[in-house]
Amino acid sequence: MEYGMEERKIRVLVAKPGLDGHDRGALVIAQGLKDAGMEVIYTGLRQTPEQIVAAAIQEDVDCIGLSSLSGAHLELFPEVVRLLREQGADDVLVIGGGVIPQEDIPVLKEAGIAAVFTPGTSIQETVEFIRKNVRRHESDSQAPAGPVEPPEQIDHIGIAVSSIREALPFYTEQLGMRLIHEEEIADQQVRAAFLAVGESTVELLEPTSSDSPIAKFLAKRGPGIHHIAYRVRDVAARLERARKSGYALIDEAPRPGGHGKLIAFVHPKSTGGVLTEFCQRISE
Ligand code: ZN
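Shown next as structure tokens:
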């Protein structure tokens, strides 16, 4: 992905609190984040939580990556979070890494560390986590250039169901909608049934595995409206605009959806609770 000069890069402070004197791991992470187009500030070794938080605020970072090999992570990481809160900077994402026993991870998460990456984690995974979870400071968001044309129409509404078979009669028999297509979308672990309403569709989404995003949605919220998809001419341009404006993206780039579409999602946490999809028809 190309990063233009006009765009504010994600800024990450990589810090090593505590007394251990090894920073190879932290340097590897710092380089990986830089390679991914982020602005990385490295504090050097043996920083106190106070120094780290002061640097984070001064450098106006979006994320702090804490690395620890010293075993003092249970004190030092939560202290960083506490100091950030105290200073009103709790919108800074804090993640941790290093040699951290599995049993400490829930404790750290409870204390506000958003994620803990142990030595097996790929840099790509860390990069993706940061991109998905940083909350850009409002004042830093750049207003997108120029007006935007409205979406062409609602492309479809995605509805999470436990069973397409059980859900269908309401749509086909009661509402008289036509079932136009059914398809299993393997990488989403979902089966979708498409029902026509004018030029739009209602998509019934049934999980095909208990790990699928739809299964998780059903477990958490029960059946119901899952997302709204707007048909647009250019998903990539929409995504770029949303990203520049500081919206949390689920997809960094357009990807193939079901039924000859190119799609991308914007996270509901930045859209007022509605999982929002951009959808471009690439074939019929
Ligand atoms: Zn959809």
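Numbering (numbering that gives the first Met the number 0), first residue to last: 0 to 283.
Yeah, the Cβ is synthetic: ideal placement off N, Cα and C, and Gly gets one too.
{"Asked": "Would you check whether the ligand ZN has a heavy atom nearer than 8 Å to the C-beta of Gly111?", "Found": "no"}
{"Asked": "How should Leu18 be labelled, buried or exposed, when 16 other C-beta atoms within 10 angstroms of its C-beta is the threshold for buried?", "Found": "exposed"}
{"Asked": "Does DSSP classify Val147 as helix, strand or coil?", "Found": "coil"}
{"Asked": "Expressed to the nearest angstrom, what Euclidean distance is found between the alpha-carbon atoms of His155 and Val91?", "Found": "35 Å"}
{"Asked": "Drop a sphere of 10 angstroms on the beta-carbon of Gly145, count the other beta-carbons inside from all chains shown, and report buried for 16 or more, exposed for fewer.", "Found": "exposed"}
{"Asked": "Helix, strand or coil, according to DSSP, for Arg81 in the structure here?", "Found": "helix"}
{"Asked": "Sorry if obvious, but does the Cβ on Ile262 come closer than 8 Å to a heavy atom of the ligand ZN?", "Found": "yes"}
{"Asked": "At what residues does the beta strand (DSSP E) containing Ile268 begin and finish?", "Found": "Position check: residue 268 holds Lys in this sequence, whereas Ile was assumed. It is not in any beta strand (DSSP E) - Lys268 carries neither H nor E in the DSSP assignment."}
{"Asked": "When DSSP labels each residue in this structure, what does His225 get in the three-state scheme?", "Found": "strand"}
{"Asked": "Taking buried to mean at least 16 other C-beta atoms within 10 Å of its own C-beta, is Glu198 buried or exposed?", "Found": "exposed"}
{"Asked": "With a cut-off of 8 Å on the beta carbons, I'd call Phe193 and Glu202 a contact; round off their distance for me.", "Found": "6 Å"}
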